[in-house]
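Asks: After the structure tokens below, expect a handful of questions from me.
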Amino acid sequence: MAEPITPLKTVGHPTPRIDAVDRVTGRATYSRDVTLPGMLYARVLRSPHPHARIRRIDTTKAAALSGVKAIVTHENCTVVWGAGGIAGGRQYVDEVKAITKQRRYAFNNPVRFVGDPVAAVAAVDRHVAEEALQRIVVDYEMLPFVLDHEEALTPDAPKIWPEGNLSLDVENQAKPLAQRRGNVDEALGRAAHVFEDRYSTQFVHNAQMEPRACVAAWEGDKLTVYTPTGGIANCRHDIARDLGLPDEKVRVVCRYMGGNFGNKNQNQDSDLIAASLAKLAGAPVKLEFSRKEDFIGMHGRWPTTQYYTVGVADDGTVDAIRLRAVSGMGPYRKNSGGMAGLDLYGCGNAEGIIQPAYTNKTVSGNFRGPEFPQGYFGIQSMMDDVAYRMKMDPVEFVLKNMARTAPGNAPFTNFTLEECIRRGAELFDWKRRWHPQPGSDPGPLKRGAGMAFMEFRSGIGQSSAVITLNGKGQYTLFVGVTDVGGGAKTTMGLIAAEELGVPLSKVEVVWGDTDRCPYSVGESGSRTTIMTGYAVIEAARDLKRQIAANGSPAGEQVVIASATPNPTMEGRKVRNAFGAHFVEVEVDVELGHVRVAKYLSVADCGRLINPLSAKGQMAGGAIQGIGMTLHEDLIYDQRTGQPLTAGFYYDRIPTHRDAPEIEVLFVESDDGYGAYGAKSLGESGKAPGPAAIANAIFNATGHRFKDLPITRAKILGALA
Amino acid sequence: MAKPTDDHEISRRELLEGAGATLAAVATVSALEAQPAAAQSVTTNDTVPRTTIRVAVNGMRHRIEVEDRWTLAELLRDRLGLTGTKLGCERGECGACTVLLDGTPVYSCSHLAVWADGRSVQTVEGLARDGRLDPLQQTFAEHDAPQCGFCTSGQLMSARALLNANPHPTADDVRAAMAGNLCRCSNYNRYVEAILAAAASPRSRG
Numbered sequence: 001m002a003e004p005i006t007p008l009k010t011v012g013h014p015t016p017r018i019d020a021v022d023r024v025t026g027r028a029t030y031s032r033d034v035t036l037p038g039m040l041y042a043r044v045l046r047s048p049h050p051h052a053r054i055r056r057i058d059t060t061k062a063a064a065l066s067g068v069k070a071i072v073t074h075e076n077c078t079v080v081w082g083a084g085g086i087a088g089g090r091q092y093v094d095e096v097k098a099i100t101k102q103r104r105y106a107f108n109n110p111v112r113f114v115g116d117p118v119a120a121v122a123a124v125d126r127h128v129a130e131e132a133l134q135r136i137v138v139d140y141e142m143l144p145f146v147l148d149h150e151e152a153l154t155p156d157a158p159k160i161w162p163e164g165n166l167s168l169d170v171e172n173q174a175k176p177l178a179q180r181r182g183n184v185d186e187a188l189g190r191a192a193h194v195f196e197d198r199y200s201t202q203f204v205h206n207a208q209m210e211p212r213a214c215v216a217a218w219e220g221d222k223l224t225v226y227t228p229t230g231g232i233a234n235c236r237h238d239i240a241r242d243l244g245l246p247d248e249k250v251r252v253v254c255r256y257m258g259g260n261f262g263n264k265n266q267n268q269d270s271d272l273i274a275a276s277l278a279k280l281a282g283a284p285v286k287l288e289f290s291r292k293e294d295f296i297g298m299h300g301r302w303p304t305t306q307y308y309t310v311g312v313a314d315d316g317t318v319d320a321i322r323l324r325a326v327s328g329m330g331p332y333r334k335n336s337g338g339m340a341g342l343d344l345y346g347c348g349n350a351e352g353i354i355q356p357a358y359t360n361k362t363v364s365g366n367f368r369g370p371e372f373p374q375g376y377f378g379i380q381s382m383m384d385d386v387a388y389r390m391k392m393d394p395v396e397f398v399l400k401n402m403a404r405t406a407p408g409n410a411p412f413t414n415f416t417l418e419e420c421i422r423r424g425a426e427l428f429d430w431k432r433r434w435h436p437q438p439g440s441d442p443g444p445l446k447r448g449a450g451m452a453f454m455e456f457r458s459g460i461g462q463s464s465a466v467i468t469l470n471g472k473g474q475y476t477l478f479v480g481v482t483d484v485g486g487g488a489k490t491t492m493g494l495i496a497a498e499e500l501g502v503p504l505s506k507v508e509v510v511w512g513d514t515d516r517c518p519y520s521v522g523e524s525g526s527r528t529t530i531m532t533g534y535a536v537i538e539a540a541r542d543l544k545r546q547i548a549a550n551g552s553p554a555g556e557q558v559v560i561a562s563a564t565p566n567p568t569m570e571g572r573k574v575r576n577a578f579g580a581h582f583v584e585v586e587v588d589v590e591l592g593h594v595r596v597a598k599y600l601s602v603a604d605c606g607r608l609i610n611p612l613s614a615k616g617q618m619a620g621g622a623i624q625g626i627g628m629t630l631h632e633d634l635i636y637d638q639r640t641g642q643p644l645t646a647g648f649y650y651d652r653i654p655t656h657r658d659a660p661e662i663e664v665l666f667v668e669s670d671d672g673y674g675a676y677g678a679k680s681l682g683e684s685g686k687a688p689g690p691a692a693i694a695n696a697i698f699n700a701t702g703h704r705f706k707d708l709p710i711t712r713a714k715i716l717g718a719l720a
Numbered sequence: 001m002a003k004p005t006d007d008h009e010i011s012r013r014e015l016l017e018g019a020g021a022t023l024a025a026v027a028t029v030s031a032l033e034a035q036p037a038a039a040q041s042v043t044t045n046d047t048v049p050r051t052t053i054r055v056a057v058n059g060m061r062h063r064i065e066v067e068d069r070w071t072l073a074e075l076l077r078d079r080l081g082l083t084g085t086k087l088g089c090e091r092g093e094c095g096a097c098t099v100l101l102d103g104t105p106v107y108s109c110s111h112l113a114v115w116a117d118g119r120s121v122q123t124v125e126g127l128a129r130d131g132r133l134d135p136l137q138q139t140f141a142e143h144d145a146p147q148c149g150f151c152t153s154g155q156l157m158s159a160r161a162l163l164n165a166n167p168h169p170t171a172d173d174v175r176a177a178m179a180g181n182l183c184r185c186s187n188y189n190r191y192v193e194a195i196l197a198a199a200a201s202p203r204s205r206g
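Okay, here's the thing in structure tokens:
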């Protein structure tokens, strides 16, 4: 059982955001809202072909257009976008950029996907820039292309890079991601039951509401970039490295950001292109992406194909899991391509071999729990099916087989998963909603229930904070956060107020500007509350120590306190958030329509700093999971390599009418780490969703849908 | 030869004025088919048609010369500095740019500025009166409805139009009226709660 947490004075109480009024009055300033004197507008010309060599680019007609101020192409802009590819999931390591054989430039030749930037124009307004793009003449030599990630690894597939289509890792090795424990072959050999199956997941775009926009301005040799980023410090370092500048010569500002959802804790090509154009034109430049450009030019969740072999004893104990998988990275490896799931089960014999493959589709990258929802869908659909075949209740099967320690028998800081599952099953009324015989409702509206669970990484680590107190008694907290939606600046303010023992209103929070704020880890990996929160606590303690030693400041005096703690775990301990989702669906077997009738998300994310925002995070994650499970998909025309569903409408992200009420039950705990025991939260709310919904659809229909998304067409095709 | 890959083949004005068939044709034009560069008539800033319009924005009357190709969103954001209206897609899919035109919610990205001639526009900046927040703004803040906040202005304007027409909606009424306002943070539950709370507030007709 989770120990009851000790209530705190400021932390843990539902609190509206400190900038809520700015958000509801239109005063919140996003990157595209920034306008500078003499500013130009820029647009990007993109490849219409999935794979082609540029023989020649003629920009003379575009340059001749009145109002055009600068044009960049691969010929006059050779900036390498370090974070854009060939990262193996370690994009902040400068040495990787230096050694990699597979560089991604801001403008590439050959172009490797529909949407690869070919040229960019800065002009007096966006209409002139758009017209100039039409006057650029590009002579392409078509190259053969490959779209499917499994086909890409066959011997006859067109090679996207000279080294082949198995992505190189950070050491230039074409090696798959491999994970092993125990002896899988032996365990499968002795297993009483062996099950095999194949699951697949689709490309799902982050599709944050704010399309990419960036304003770049040079003052002498100093560059200021207003850009949407969840990590101003890392974004600045990336821009500086890619442009060959010292970090201090780059300032990154992000006051507000219209959604992150992954891979925004670094720079983007738009930052480099805008900076290059601004330098060339000698004027500030605002670069805007259209929604379609954002869809094909940014990134989304990597599609996967997953083959499982599972060995089970007569009593339902899982003894062996083998995973062979391929993930589709697009032509540049922006992130790892990994899949989570094997660590969910306690069985001593497991092996996963995942091949990240290049394709000529748009680039894959991190999206809310990068390895989780798709990996969990595969393995937890597989295990739900094993439970069915072993004639076991899925909840009992999970309680029997879930991992109670981390791999290598490393202990968790605390373990609340069983409590999450038991309390969830009771609140959800699992026994009543789950059908022992799948598909047994008479129809046409068939109900069924499914569940899935999570163990989500919740590490600790280094970040910084500065707090000042002036002679008027005003506290100012400087933190390098943006608040991409999770409420970071309010969270940081609450933590400071708690530790200082003052009301939140006494703490002014300064954020979103590298010239004013110290390093923060960036709002990715669900770690700002933990890591930057730690730093805020330590800075507050430093301030209190100084005041205790020297007294409070008077008149024009200011006391300055700062901290850059780098906490570590005790021994081999592993820290995780835990949770389970319980879903009831109603499937109309005549129309193929799935309605989520009941959705319960249970989670131990440690202590909640702001329960108001925490609940919204969990509900939002669940609804994103519904979109991924039932309809979102970036579909390609196989003949031409063109993306057909780029945009909100055709991709079908959830709307108000798709969103059921999400019940959220937090099982709060304090394991002694994090800021007051806070664990990771933001990403975890989505992780088990697709598996839970898919399992509910199986329970309702008796048919196992193994390929996401589970569209009406697939349901009708299977059940008609 | 140039083969523009985006929607740039067609001007904004043609796109907005085009019938559904035009839109469908644009969507299916394969970029592999030869497209002569600059097939459209190209106008520069010097020759672009302009029209002087009269428009009231948040109660303030303007007489202003606009380029015929400007959208209403461009007029509001770039010319009048009202950047509270957000552009999420510029093709009528997401609702972030929703404003009220003579009280009716419209997507300002899909409406030309010249069409606002003689009409009255309300944006998010015009919701608060005399320094007092609209009840919707109040409940949106209290219920933590904005996560990233980018869709919020549009959600507010659609919700204002709903409550003007139907002061006491059900949750289903709200979802139906708000179906054109996407929220990728998916804080839909909170938006519905906040709108119902505003409807229940004594100042709801404010």
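So the sequences go chain by chain: A and B. Under the numbering used here, the final residue of the first sequence carries the number 720; numbering is consecutive throughout. Under the numbering used here, the final residue of the second sequence carries the number 206; numbering is consecutive throughout. We put the CB at the ideal spot given by N, CA and C, even for glycine. Predicted model, so just to flag it, every value in this text is computed and none were measured.
(1) Would you mind sorting residue 168/B into buried or exposed? The rule is 16 or more other CB atoms within 10 Å of its CB.
(2) Along the region 603-632 of chain A, where does the CB come closer than 7 angstroms to a CB of chain B? Name the residues.
(3) What beta strand (DSSP E) runs, 3 residues minimum, are completely inside the region 308-357 of chain A?
(4) Quick check on the DSSP output: the alpha helix (DSSP H) that includes residue 430/A runs from which residue to which?
(5) Which bits of chain A does residue 97/B rub up against, with CB to CB less than 9 angstroms?
(6) Starting from the C-beta of residue 108/A, find all residues in its chain whose C-beta is less than 6 angstroms away, skip the five residues before and the five after it, and write them out in chain order.
(7) Give the list of continuous alpha helix (DSSP H) stretches no shorter than 4 residues that lie fully inside the region 436-495 of chain A.
(8) Is residue 652/A near the ligand MN, in the sense that its beta carbon is under 8 angstroms from a heavy atom of that ligand?
(9) Determine the DSSP secondary structure at residue 634/A, reduced to helix, strand or coil.
(10) By how many angstroms is the C-alpha of residue 359/A removed from the C-alpha of residue 145/A?
(11) With a cut-off of 9 angstroms, does the C-beta of residue 100/A fall near any C-beta of chain B?
(12) Can you round the beta-carbon distance between residue 14/A and residue 660/A to whole angstroms, since I take them to be within the 8 angstroms contact cut?
(13) Between residue 260/A and chain B, is any beta-carbon pair separated by less than 9 angstroms?
(14) So residue 281/A is in the alpha helix (DSSP H); what residue range does that whole segment cover?
(15) Counting only beta-carbon separations shorter than 9 angstroms, does residue 485/A have a partner in chain B?
(16) Do residue 576/A and residue 381/A have their CB atoms nearer than 9 angstroms?
(17) Could you name the residues of the same chain whose beta carbon sits closer than 6 angstroms to that of residue 32/A, not counting the 5 residues immediately before and after it, in chain order?
(18) By Cβ distance, which residues of its chain are closer than 8 angstroms to residue 119/B, with the 5 residues on each side in sequence left out?
(19) Name, please, each residue of chain B whose Cβ falls closer than 8 angstroms to the Cβ of residue 202/A.
(20) Since residue 28/A meets chain B, which of its residues come closer than 7 angstroms, beta carbon to beta carbon?
(21) Which residues in the same chain as residue 32/B place their Cβ atom closer than 7 angstroms to its Cβ, once the five residues preceding and following it in sequence are excluded?
(22) Verify the CB distance criterion: does residue 25/B have a CB-CB separation below 9 angstroms to chain A?
(23) Closer than 7 angstroms between beta carbons: that is the criterion. Which residues of the region 58-76 of chain A meet it against chain B?
(24) Taking DSSP as the reference, what is the three-state secondary structure of residue 676/A?
(25) Are any of the Cβ atoms in chain A nearer than 9 angstroms to that of residue 114/B?
(26) Kindly confirm or deny that the region 448-466 of chain A and the region 686-695 of chain A touch, where touching means at least three C-beta pairs closer than 8 angstroms.
(27) Going by CA-CA distance only, name the one from 561/A, 294/A, 581/A that's closest to residue 420/A.
(28) Less than 8 angstroms between the CB atoms is what I'm expecting for residue 70/A and residue 281/A, so what's the real figure, rounded?
(29) Have a look at residue 89/A and residue 364/A and give me their C-alpha separation to the nearest angstrom.
(30) Could you check which residue in 24/A, 48/A, 127/A has the C-alpha nearest to that of residue 49/B?
(31) Between residue 23/A and chain B, is the shortest Cβ-Cβ distance under 9 angstroms, so that the two count as touching?
(32) By Cβ distance below 7 angstroms, which residues in the same chain neighbour residue 166/B in space, the five residues on each side in sequence not counted?
(33) Relative to the C-alpha of residue 55/A, which residue among 133/A, 168/A, 319/A, 138/A is closest?
(34) Can you tell me the Cα-Cα spacing of residue 148/B and residue 389/A, whole angstroms?
(35) Considering only the alpha carbon of each residue, which of 204/A, 336/A, 510/A, 24/A lies closest to residue 643/A?
(36) Give me, in chain order, the residues of the same chain whose beta-carbon lies closer than 6 angstroms to that of residue 285/A; leave out the 5 immediate sequence neighbours on both sides.
Replies: Inspection of the coordinates gives the following:
(1) As a first step, residue 168/B is located in the second sequence; it is residue number 168 there, counting from the start. That one is exposed.
(2) 612, 613, 616, 619, 620, 623, 624
(3) 318-328, 349-357
(4) On the first sequence, residue 430/A is found 430 positions in, with the first residue counted as 1. Per DSSP, residue 430/A belongs to the alpha helix (DSSP H) from 430-433.
(5) Start at 1 with the first residue of the second sequence, and residue 97/B comes out as number 97. Near residue 97/B there are no residues of chain A at all, since even the closest Cβ is about 11 angstroms away, more than 9 angstroms.
(6) Position 108 of the first sequence, counted from the start, is the residue given in the question as residue 108/A. The residues are 116.
(7) none
(8) Ligands displayed in this structure: none; no statement on the ligand MN is therefore possible.
(9) Stepping through the first sequence from its first residue, residue 634/A is reached at position 634. Coil at residue 634/A, not helix or strand.
(10) Indexing the first sequence from 1 puts residue 145/A at position 145. Indexing the first sequence from 1 puts residue 359/A at position 359. Answer to the nearest angstrom: the Cα atoms are 8 angstroms apart.
(11) As a first step, residue 100/A is located in the first sequence; it is residue number 100 there, counting from the start. So, not an interface residue.
(12) Residue numbering aside, residue 14/A sits at position 14 when the first sequence is read from its first letter. Residue numbering aside, residue 660/A sits at position 660 when the first sequence is read from its first letter. Between residue 660/A and residue 14/A the Cβ distance is about 22 angstroms, and since that is not below 8 angstroms, they are no contact.
(13) Counting from 1 along the first sequence, the entry for residue 260/A is found at position 260. For residue 260/A, the answer is yes, since a Cβ of chain B falls inside 9 angstroms of its Cβ.
(14) Here residue 281/A refers to the residue found at position 281 when the first sequence is read from its first residue. Boundaries of the alpha helix (DSSP H) around residue 281/A: 269-281.
(15) Translated into positions along the first sequence, residue 485/A becomes position 485. So yes, residue 485/A belongs to the interface.
(16) Within the first sequence, residue 576/A is the residue found at index 576, counting from 1. Within the first sequence, residue 381/A is the residue found at index 381, counting from 1. No, the pair does not count as a contact, with Cβ atoms beyond the cut-off.
(17) Working through the first sequence from its first residue, we reach residue 32/A at position 32. For residue 32/A, where only same-chain residues beyond five positions count, the Cβ hits under 6 angstroms are 213.
(18) Residue numbering aside, residue 119/B sits at position 119 when the second sequence is read from its first letter. Excluding sequence neighbours, residue 119/B sits near 55, 56, 101, 102.
(19) Residue mapping note: residue 202/A aligns to position 202 of the first sequence, counting from 1. By Cβ distance, chain B contributes nothing, its closest Cβ being about 17 angstroms from residue 202/A, past 8 angstroms.
(20) Start at 1 with the first residue of the first sequence, and residue 28/A comes out as number 28. Chain B residues near residue 28/A: 149.
(21) Mapped onto the second sequence, residue 32/B falls at position 32. Bear in mind that the predicted position of residue 32/B carries a pLDDT of just 34, short of 50, making it too unreliable to give a figure here.
(22) To locate residue 25/B, count along the second sequence from 1; it is residue 25. Note that residue 25/B scores 34 on pLDDT, short of 50, meaning its location in the model is unreliable and no value can be drawn from it.
(23) 65, 66, 67
(24) Taking the first sequence and counting its residues from 1, one reaches residue 676/A at position 676. Reduced to three states, the DSSP call for residue 676/A is coil.
(25) For this step, residue 114/B is matched to residue 114 along the second sequence. It does not; no Cβ of chain A falls within 9 angstroms.
(26) In this structure the region 448-466 of chain A lies against the region 686-695 of chain A, because at least three pairs of beta carbons, one per stretch, are closer than 8 angstroms.
(27) Here residue 420/A refers to the residue found at position 420 when the first sequence is read from its first residue. Nearest option by C-alpha distance: 581/A.
(28) Locating residue 70/A in the first sequence gives position 70, where the first residue counts as 1. Locating residue 281/A in the first sequence gives position 281, where the first residue counts as 1. With 8 angstroms as the limit, residue 70/A and residue 281/A qualify as a contact, their Cβ atoms being about 4 angstroms apart.
(29) Position 89 of the first sequence holds residue 89/A. Position 364 of the first sequence holds residue 364/A. A caution first: residue 89/A carries a pLDDT of 48, below 50, which makes its placement in the model unreliable, though a value can still be read off. Each residue's alpha carbon lies about 11 angstroms from the other.
(30) Position 49 of the second sequence, counted from the start, is the residue given in the question as residue 49/B. Among 24/A, 48/A, 127/A, the Cα nearest to that of residue 49/B belongs to 127/A.
(31) Position 23 of the first sequence, counted from the first residue, corresponds to residue 23/A. At a cut-off of 9 angstroms between beta-carbon atoms, residue 23/A makes contact with chain B.
(32) Start at 1 with the first residue of the second sequence, and residue 166/B comes out as number 166. Hits under 7 angstroms: 173.
(33) Locating residue 55/A in the first sequence gives position 55, where the first residue counts as 1. Cα-wise, what sits closest to residue 55/A is 138/A.
(34) Start at 1 with the first residue of the second sequence, and residue 148/B comes out as number 148. Start at 1 with the first residue of the first sequence, and residue 389/A comes out as number 389. Using only the alpha carbons, I get a separation of about 44 angstroms.
(35) Working through the first sequence from its first residue, we reach residue 643/A at position 643. Among 204/A, 336/A, 510/A, 24/A, the Cα nearest to that of residue 643/A belongs to 204/A.
(36) The residue you call residue 285/A lines up with position 285 of the first sequence. Within the same chain, residue 285/A has close Cβ partners 40, 42, 122, 216, 274, 277, 278.
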